[in-house]
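K.L.:
This is the structure, below, for whatever I ask next.
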Amino acid sequence: MTWLITGGAGYIGSHVVKAMTDGGESVVVLDDLSTGSKDRIPGTVPLEIGTVLDRELVDRVLREHAVTGIVHLAGKKQVGESVEKPLHYYYENVEGLRSVLEAAADAGVRRFLFSSSASVYGMPDVDLVTERTPCLPMSPYGETKLAGEWLVRAVGAAHGMATASLRYFNVAGAASPELGDDGIFNLVPMVFERLTAGEAPRVFGDDYPTPDGTCIRDYIHVEDIAAAHVAAARRLAEDASASLVLNIGRGEGVSVAEMVTTIQDVTGRREPAPAVVERRPGDPARVVASADLIRAELGWEARHDIRTMVASAWEGWCLRHPEAHV
Ligand code: WQD
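Our numbering puts the first residue of the sequence shown at 668, with every later residue one more than the last.
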């Protein structure tokens, strides 16, 4: 098989490219480089530069590379920005997906893997979120992921495609420093940024109904996420009628306070001490995956712990921020 990986030059996408090629799969990348970078892609992997919204381009890439399966990761992923720019998010994430699916159907591509998110659940009121937990997204971003899953399932059924939507929980870490996250929109890089600037890391609220009062999440190493894609791609290759929706998480809750302590340990930076500030609007107290279904369906299991995630993320951060070494 030859897999097209859209968004393959991004943080998660480049890890998927690495895991797929390490696993012996043939891949080609399509990325508009709006947030991705070509340095993330090995020279041996063909890179087509452009947007998934360009049907002619997608048609040509599918044809010229004789693509037989697609892993669609291209999209916008900032929750806050999606509240301000819903039209942009629906266009990029839903129309972008529709464009790729239509091209796939026209070209006879029969395998489709979609990058979804735990944000489809919104504020789940359960200890462990299973794939049967109701989906009530709280942001346009989450809505575009849920609408995307519906579209993938419907097109799969109508056009005889094997499909899988993978719901990522909180992704962190890096396979190597060069592949690290270069944004600052999540807890780990936000704490790194504050520490590098000599400012106190912020804890958004410590009055949640959790044991230490801070929010609980299910952090997962990006290499584990990538390995789940390889397992899912192989499953789709073998099972032409697959229609899967799977959580990718570790099934273990970690609080913000615990995460900040791990960051202090790993970086050796205990000063300035973290400061508790106002709650961030819209944050659920607890979101932790049940990983039972993905284990049963794909035999996949997370291998990395929180410490490895934070240590590998810090190495990548230091590479891009030499001023962090003091
Ligand atoms: C984690 C926890 C914050 C920064 C979002 C999306 C989700 C997925 C991942 C895209 C929260 C707290 C954070 C800080 C803090 N995105 N925090 N101080 O909100 O769980 O998930 O990103 O696919 O869909 O919703 O992730 O990393 O922003 O926050 O206390 O400086 O850390 O309040 O409890 P979140 P996050």
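Every residue, glycine too, gets a C-beta built ideally from N, C-alpha and C.
For the alpha helix (DSSP H) holding SER704, just list the boundary residues, first then last.
P.N.:
From DSSP, SER704 is part of no alpha helix (DSSP H); its letter is neither H nor E.
K.L.:
In whole angstroms, what is the alpha-carbon distance linking ARG994 and LEU795?
P.N.:
The structure shown does not extend to residue 994, since the chain is modelled only from 668 through 993, so no value can be given for it.
K.L.:
Looking at the ligand WQD, does it come within less than 7 angstroms of MET857, judged from the CB to the closest heavy atom?
P.N.:
yes
K.L.:
Let me check you understand the geometry: is the CB of PHE781 closer than 7 angstroms to at least one non-hydrogen atom of the ligand WQD?
P.N.:
no
K.L.:
Taking the alpha-carbon positions, what's the LEU768 to ALA940 distance?
P.N.:
Spanning the two alpha carbons is a distance of roughly 49 angstroms.
K.L.:
Would you kindly report the start and end of the unbroken alpha helix (DSSP H) that includes THR800?
P.N.:
Neither: THR800 is in no alpha helix (DSSP H) and is coded neither H nor E.
K.L.:
Give the straight-line distance between the Cα atoms of GLN931 and ASP879, rounded to the nearest whole angstrom.
P.N.:
The C-alpha of GLN931 lies about 17 angstroms from the C-alpha of ASP879.
K.L.:
For PHE871, list the residues DSSP reports as bridge partners.
P.N.:
VAL944
K.L.:
The ligand WQD and ASN760: does the residue's C-beta get closer than 7 angstroms to at least one heavy atom of that ligand?
P.N.:
no
K.L.:
Along the chain, which unbroken stretches of the beta strand (DSSP E) at least 3 residues long are found entirely within the region 895–976?
P.N.:
Counting whole runs of 3 or more residues, the region 895–976 contains the beta strand (DSSP E) stretches 910–915, 942–944.
K.L.:
Can you tell which of GLU925, TYR875, SER704 has the C-alpha that lies nearest to the C-alpha of GLU945?
P.N.:
TYR875
K.L.:
In chain order, what residues of the same chain lie with their CB nearer than 7 angstroms to the CB of ALA770, ignoring the 5 residues before and after it?
P.N.:
ARG722, VAL725, ASP726, LEU729
K.L.:
What does ALA821 pair with, by DSSP beta-bridge criteria?
P.N.:
Looking at the DSSP assignment, ALA821 forms no beta bridge with any residue, so it has no partner.
K.L.:
Along the chain, where does the beta strand (DSSP E) containing SER693 start, and where does it finish?
P.N.:
693–698
K.L.:
Going by C-alpha to C-alpha distance, which of SER908, GLU925, ASP848, ALA899 sits closest to VAL1035?
P.N.:
No answer is possible for residue 1035: the residues shown for the chain start at 668 and end at 993.
K.L.:
Taking contact to mean 3 or more Cβ pairs, one atom from each stretch, closer than 8 angstroms, check whether the region 752–768 and the region 803–815 are in contact.
P.N.:
yes
K.L.:
In angstroms with no decimal places, state the Cα-to-Cα distance between ARG777 and GLU751.
P.N.:
36 angstroms
K.L.:
Rounded to a whole number of angstroms, what is the C-alpha to C-alpha distance between ALA841 and ALA952?
P.N.:
26 angstroms
K.L.:
With a Cβ-Cβ cutoff of 8 angstroms, do HIS755 and ILE892 count as a contact?
P.N.:
no
K.L.:
Alpha carbon to alpha carbon, how far is VAL897 from MET687?
P.N.:
6 angstroms
K.L.:
Measuring only the C-alpha atoms, how far is GLY742 from LEU913?
P.N.:
19 angstroms
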